[in-house]
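Trainee:
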Amino acid sequence: MKFSLLSVTCLLNNSVKVFKIVNSYPYTTDLYPFAIDAVYLSPPWGGPSYAKSGKEEFDLQKDIILDGVKIFNYAKKISQNVVYFLPKNTSVDQIIALAASDGEVELEQSFLGERVKALHAYYGKLVAHD
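Residue numbering for the sequence shown follows this note's numbering, starting at 547 and increasing by one per position.
1. What residues match up with E652 in a beta bridge as DSSP calls it?
2. In terms of residues, what are the limits of the beta strand (DSSP E) holding V628?
3. DSSP three-state label for K663, please.
4. Have a look at Y630 and L606 and give me their C-alpha separation to the nearest angstrom.
5. Assuming D676 contacts N627 (C-beta within less than 8 Å), just tell me the rounded distance between them.
6. Please find out if some non-hydrogen atom of the ligand GTP comes closer than 6 Å to the beta-carbon of Y596.
7. Looking only at DSSP bridge pairs, what is V585 linked to?
Written out as C-alpha coordinates, the structure is:
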(Lines of atoms letter the chains of each structure in order from A and count residues from 1; the text may use other names and numbers.)
(Lines give C-alpha, C1' and ligand atoms only; values in the text may rest on other atoms or scores of the structure.)
Protein backbone atom coordinates (compact mmCIF):
# COMPACT_ATOMS: atom_id res chain seq x y z
CA MET A 1 0.00 0.00 0.00
CA LYS A 2 1.33 3.42 -0.94
CA PHE A 3 0.76 6.39 1.40
CA SER A 4 1.29 10.05 0.75
CA LEU A 5 2.81 12.35 3.34
CA LEU A 6 -0.59 13.98 3.92
CA SER A 7 -2.40 10.67 4.47
CA VAL A 8 0.30 9.59 6.91
CA THR A 9 0.03 12.92 8.75
CA CYS A 10 -3.78 12.63 8.95
CA LEU A 11 -3.55 9.05 10.19
CA LEU A 12 -0.97 10.11 12.75
CA ASN A 13 -3.12 12.99 13.96
CA ASN A 14 -6.13 10.69 14.35
CA SER A 15 -4.06 8.12 16.24
CA VAL A 16 -2.72 10.64 18.73
CA LYS A 17 -6.28 11.75 19.49
CA VAL A 18 -7.43 8.15 20.00
CA PHE A 19 -4.53 7.41 22.34
CA LYS A 20 -4.80 10.83 24.02
CA ILE A 21 -1.20 11.86 23.37
CA VAL A 22 -1.93 15.13 21.57
CA ASN A 23 1.01 17.58 21.49
CA SER A 24 3.49 14.89 22.54
CA TYR A 25 4.65 13.69 19.14
CA PRO A 26 6.92 15.33 16.56
CA TYR A 27 6.10 15.29 12.87
CA THR A 28 7.24 17.25 9.87
CA THR A 29 6.06 18.07 6.39
CA ASP A 30 9.64 18.56 5.20
CA LEU A 31 10.25 14.94 4.23
CA TYR A 32 10.46 15.42 0.47
CA PRO A 33 13.71 16.78 -1.02
CA PHE A 34 11.78 18.17 -4.01
CA ALA A 35 8.86 20.50 -4.68
CA ILE A 36 5.34 19.07 -4.88
CA ASP A 37 3.33 20.55 -7.77
CA ALA A 38 -0.13 19.97 -6.32
CA VAL A 39 -2.06 18.07 -3.66
CA TYR A 40 -5.38 16.32 -4.34
CA LEU A 41 -7.57 15.94 -1.25
CA SER A 42 -10.36 13.40 -1.06
CA PRO A 43 -11.00 12.92 2.65
CA PRO A 44 -13.47 10.29 3.90
CA TRP A 45 -16.71 12.27 4.02
CA GLY A 46 -18.99 9.28 3.51
CA GLY A 47 -19.54 9.29 -0.25
CA PRO A 48 -23.21 8.81 -1.21
CA SER A 49 -24.20 7.71 2.31
CA TYR A 50 -23.55 11.17 3.81
CA ALA A 51 -26.73 12.39 2.11
CA LYS A 52 -28.83 10.18 4.41
CA SER A 53 -28.08 12.51 7.31
CA GLY A 54 -30.67 14.93 5.95
CA LYS A 55 -28.43 17.96 6.49
CA GLU A 56 -28.86 20.76 3.99
CA GLU A 57 -25.25 21.88 4.26
CA PHE A 58 -22.07 19.85 4.81
CA ASP A 59 -19.72 21.41 7.37
CA LEU A 60 -16.01 20.88 6.61
CA GLN A 61 -15.06 20.95 10.28
CA LYS A 62 -17.91 19.04 11.91
CA ASP A 63 -19.25 16.57 9.35
CA ILE A 64 -15.98 14.86 8.49
CA ILE A 65 -13.94 12.30 10.41
CA LEU A 66 -10.93 14.63 10.44
CA ASP A 67 -11.24 18.43 10.50
CA GLY A 68 -11.43 19.36 6.81
CA VAL A 69 -9.96 22.82 7.39
CA LYS A 70 -6.91 21.34 9.13
CA ILE A 71 -6.49 18.83 6.31
CA PHE A 72 -6.47 21.73 3.84
CA ASN A 73 -3.95 23.69 5.92
CA TYR A 74 -1.62 20.66 6.04
CA ALA A 75 -1.89 20.35 2.27
CA LYS A 76 -1.00 24.04 1.80
CA LYS A 77 2.27 23.39 3.67
CA ILE A 78 3.15 20.87 0.98
CA SER A 79 1.94 22.87 -2.05
CA GLN A 80 -0.01 26.08 -2.65
CA ASN A 81 -1.86 24.24 -5.44
CA VAL A 82 -4.66 22.18 -3.94
CA VAL A 83 -7.69 20.37 -5.35
CA TYR A 84 -10.34 19.48 -2.77
CA PHE A 85 -12.97 16.82 -3.63
CA LEU A 86 -16.06 17.57 -1.53
CA PRO A 87 -19.75 16.72 -1.13
CA LYS A 88 -22.11 18.65 -3.40
CA ASN A 89 -23.69 20.50 -0.47
CA THR A 90 -20.48 21.66 1.22
CA SER A 91 -20.73 25.14 2.72
CA VAL A 92 -19.65 27.55 -0.02
CA ASP A 93 -18.67 30.07 2.66
CA GLN A 94 -16.21 27.54 4.10
CA ILE A 95 -14.81 26.73 0.65
CA ILE A 96 -14.24 30.44 0.01
CA ALA A 97 -12.75 30.97 3.49
CA LEU A 98 -10.05 28.40 2.69
CA ALA A 99 -8.86 30.73 -0.08
CA ALA A 100 -8.37 33.63 2.33
CA SER A 101 -4.58 33.60 2.01
CA ASP A 102 -4.65 33.53 -1.81
CA GLY A 103 -7.99 35.16 -2.43
CA GLU A 104 -9.01 32.80 -5.22
CA VAL A 105 -10.88 29.54 -5.53
CA GLU A 106 -12.51 27.91 -8.54
CA LEU A 107 -15.48 25.69 -7.80
CA GLU A 108 -16.48 22.96 -10.24
CA GLN A 109 -19.57 20.77 -10.03
CA SER A 110 -19.09 17.12 -11.01
CA PHE A 111 -22.13 15.63 -12.72
CA LEU A 112 -23.32 12.08 -13.25
CA GLY A 113 -25.92 12.39 -15.95
CA GLU A 114 -27.91 15.49 -15.06
CA ARG A 115 -27.32 15.36 -11.29
CA VAL A 116 -24.55 17.08 -9.35
CA LYS A 117 -22.64 14.39 -7.44
CA ALA A 118 -19.71 16.28 -5.90
CA LEU A 119 -17.63 19.46 -5.97
CA HIS A 120 -14.00 20.10 -6.83
CA ALA A 121 -12.47 23.25 -5.36
CA TYR A 122 -9.23 24.44 -7.00
CA TYR A 123 -6.74 26.68 -5.19
CA GLY A 124 -3.44 28.34 -6.04
CA LYS A 125 -2.21 28.18 -9.64
CA LEU A 126 -4.91 25.61 -10.41
CA VAL A 127 -7.51 28.40 -10.62
CA ALA A 128 -8.29 28.93 -14.31
CA HIS A 129 -7.97 32.46 -15.64
CA ASP A 130 -9.92 32.45 -18.91
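Note that the Cβ used here is the ideal one computed from N, Cα and C, for glycine as well. On a predicted model such as this, the values are computed, not experimentally measured, just so you know.
Mentor: If we stick to the structure as given:
1. Taking the sequence shown and counting its residues from 1, the one referred to as residue 652 is at position 106. DSSP output for E652 lists Y668 as bridge partner(s).
2. Residue mapping note: residue 628 aligns to position 82 of the sequence shown, counting from 1. Its beta strand (DSSP E) spans residues 628-633.
3. Within the sequence shown, the letter at position 117 stands for residue 663. In this structure, K663 counts as strand in the three-state DSSP scheme.
4. Mapped onto the sequence shown, residue 630 falls at position 84. Mapped onto the sequence shown, residue 606 falls at position 60. Going by the C-alpha atoms only, they are around 11 Å apart.
5. Numbered from its first residue, the sequence shown carries residue 676 at position 130. Numbered from its first residue, the sequence shown carries residue 627 at position 81. With a Cβ gap of about 18 Å, D676 and N627 do not count as contacting.
6. The ligand GTP is not part of the structure shown, which contains no ligands of any sort.
7. Position 39 of the sequence shown holds residue 585. Per DSSP, V628.
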